[in-house]
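**Student:** Structure in structure tokens, see below.
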Amino acid sequence: MPHPDRTIIALEECHFGLDGGAMFGIIPRPLWAKTNPPDEANRIAMSARCLLIIDPDRVTLVDTGMGVGFSEKEREIYNIHRQDAGLRAALRQYSLTPEDVDDVILTHLHFDHAGGLRTPNEDGSLRPTFPNARHWVQRQNWSWAHSPSARDGGSYRLQDFDLFDADDAPPLHLVDGIAELFEGVEVLPVHGHTFGMQVVKIDAADQTYAFVADLIPTAAHLRDPYVMGYDLQPLKTVEEKRELLYHARRDDWILIFEHDPTTAMARIDVDARGRVIPVPLKTLSHT
């Protein structure tokens, strides 16, 4: 496995909250509340985590966070706080700016993953956050996002991604199925959460990583029945999760959780009862 000079870094665009019942579907509150205690509005704490991949010749970002396109009422509903819009402060730690990003891989176009595609100018108008980047999304998700079902229509906000309709928009590449976008960076489509979501698999040095997006949003969602109420095809999610976890345990992958507020990365093990459990990593950066 090549790429000895590749660095993998977990970044946080913001913290926010979503209803715990919706996040855990059929799992009763007394069970999920043990690992994800809710606030007075029944919201659990969540992270909008993005992934930075630094190569000698390329800077890649996976997902963009919530962004700034929310009213004050919506920001209160979703408890958006500790926000680093555009990831400017996080990127600055690595001597980078949003303009230095060469590629943006979008796992899917839900607002908490693609909302950060735009950032405000001084006059309040919005511009592309990563103007020099190629943007990658599954063709099936691009199509679904423009005509979602009544059930998931609220998760797709056209204003987050209609920037690509402009003449001066950054380039958009629609991906059809499994693909290696560039050496050692592969996308694996899954369809349980929404149609055309993609897990991003990254090889770096002697380690494989998987940015699992909403297939396994937090470390508490590893077990089979822990599936979000938001998922369009929950049984498909279970099937896809089992397959990914089989490879992760067999081949010692590190999973990167997009929404877990405390566990960014973990290896996978099983407990004495044969249940899948995370083995969290303490560091957020790997070379």
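According to full-length UniProt numbering, the sequence shown is numbered sequentially starting from 1. Glycine included, every Cβ here is placed at the ideal spot set by N, Cα and C. Note that this is a predicted model, so its numbers are computed, not measured.
Between which two residues does the alpha helix (DSSP H) carrying P278 extend?
**Tutor:** Per DSSP, P278 belongs to no alpha helix (DSSP H); it is in the beta strand (DSSP E), V276 to P280.
**Student:** Leaving aside the five residues before and after L235 along the sequence, list all residues of the same chain whose C-beta is less than 8 Å from its C-beta, in chain order.
**Tutor:** Cβ within range, chain order: G192.
**Student:** With C-beta atoms as the reference, is T64 less than 8 Å away from I53?
**Tutor:** No, Cβ-Cβ distance for T64 and I53 is not below 8 Å.
**Student:** Out of R139, E13 and T218, state which residue places its alpha-carbon closest to the alpha-carbon of A89.
**Tutor:** Nearest of R139, E13 and T218 to A89, Cα basis: E13.
**Student:** What are the boundary residues of the beta strand (DSSP E) that includes F195?
**Tutor:** Taken as a continuous stretch (DSSP letters only), F195 belongs to no beta strand (DSSP E), as it is neither H nor E.
**Student:** What residue range does the alpha helix (DSSP H) around F161 cover?
**Tutor:** Its alpha helix (DSSP H) spans residues L158 to F161.
**Student:** Please confirm if the region 250-267 is in contact with the region 209-227, defined as three or more CB-CB distances below 8 Å between the two stretches.
**Tutor:** Result yes; three or more Cβ-Cβ pairs closer than 8 Å.
**Student:** Given that a residue counts as buried once 16 or more other Cβ atoms are within 10 Å of its Cβ, and exposed if not, what is G229?
**Tutor:** By the neighbour-count rule (16 or more Cβ atoms within 10 Å), G229 is not buried but exposed.
**Student:** Quick test of the definition: if touching needs 3 or more C-beta pairs under 8 Å, does the region 103-119 touch the region 128-143?
**Tutor:** Because the criterion of three Cβ pairs below 8 Å is met, the region 103-119 and the region 128-143 touch.
**Student:** Can you name, in chain order, every residue of its own chain whose Cβ lies under 6 Å from the Cβ of V238, other than the five neighbours on each side?
**Tutor:** The residues are D224.
**Student:** Grouping DSSP H, G and I as helix and E and B as strand, with all else coil, what is M228?
**Tutor:** DSSP places M228 in coil when its eight states are reduced to three.
**Student:** Across which residues does DSSP place P189 in a beta bridge pair?
**Tutor:** P189 is bridged to Q198.
**Student:** Going by other Cβ atoms of all chains shown within 10 Å of its Cβ, with 16 needed for buried, is E240 buried or exposed?
**Tutor:** It counts as buried.
**Student:** Cα separation between Y78 and G116?
**Tutor:** Cα to Cα, Y78 sits roughly 15 Å from G116.
**Student:** Among the candidates V270, V199, P56 and F24, whose CA atom is the shortest distance from the CA of M46?
**Tutor:** Closest option to M46, Cα to Cα, is F24.
**Student:** From the DSSP output, in three-state form, read off H81 for me.
**Tutor:** In this structure, H81 counts as strand in the three-state DSSP scheme.
**Student:** Name the one or two DSSP bridge partners that Q207 has.
**Tutor:** Partner(s): A204.
**Student:** When the Cα atoms are used, what is the spatial distance from A33 to D271?
**Tutor:** Near 20 Å, if we compare the C-alpha coordinates of D271 and A33.
**Student:** Rounding to the nearest angstrom, what Cα-Cα distance links Q233 and F195 in this structure?
**Tutor:** Using only the alpha carbons, I get a separation of about 9 Å.
**Student:** Among F130, R249 and H113, which residue has its Cα nearest to the Cα of E99?
**Tutor:** It is F130 whose Cα lies nearest to the Cα of E99.
**Student:** Can you tell me where the alpha helix (DSSP H) with P30 in it begins and where it stops?
**Tutor:** Unbroken alpha helix (DSSP H) run through P30: R29 to T35.
**Student:** By Cβ distance, which residues of its chain are closer than 6 Å to S155, with the 5 residues on each side in sequence left out?
**Tutor:** Closer than 6 Å at Cβ, skipping near neighbours: H110.
**Student:** Among A264, P38 and G177, which residue has its Cα nearest to the Cα of I9?
**Tutor:** Of the listed residues, the one whose Cα sits closest to I9 is A264.
**Student:** Thinking Y226 and I27 are a contact (beta carbons under 8 Å), I'd like their distance in whole angstroms, please.
**Tutor:** Their Cβ separation, rounded to whole angstroms, is 6 Å, which keeps Y226 and I27 in contact under 8 Å.
**Student:** Mind checking which residues open and close the beta strand (DSSP E) that includes P120?
**Tutor:** Per DSSP, P120 belongs to the beta strand (DSSP E) from R118 to P120.
**Student:** Identify, in the order they occur along the chain, each residue of the same chain with its Cβ nearer than 6 Å to the Cβ of D112, setting aside the five sequence neighbours on each side.
**Tutor:** If we look at D112 and ignore the five residues flanking it on each side, its Cβ neighbours are A48 and M66.
**Student:** What residues in its chain sit with their C-beta under 6 Å from that of A179, if we drop five residues either side in the sequence?
**Tutor:** For A179, where only same-chain residues beyond five positions count, the Cβ hits under 6 Å are V187.
**Student:** Consult DSSP for G106 and reduce its assignment to one of helix, strand or coil.
**Tutor:** One point to set straight first is that residue 106 is Leu, not Gly, in the sequence displayed. Three-state DSSP puts L106 in coil, outside helix and strand.
**Student:** Measure the alpha-carbon distance for T262 versus A150 and round it to whole angstroms.
**Tutor:** Their backbone Cα atoms lie some 33 Å apart in a straight line.
**Student:** Here's the rule I'm using: 16 or more other beta-carbon atoms within 10 Å means buried, otherwise exposed. How should K282 be labelled?
**Tutor:** When all chains shown are included, K282 counts as exposed.
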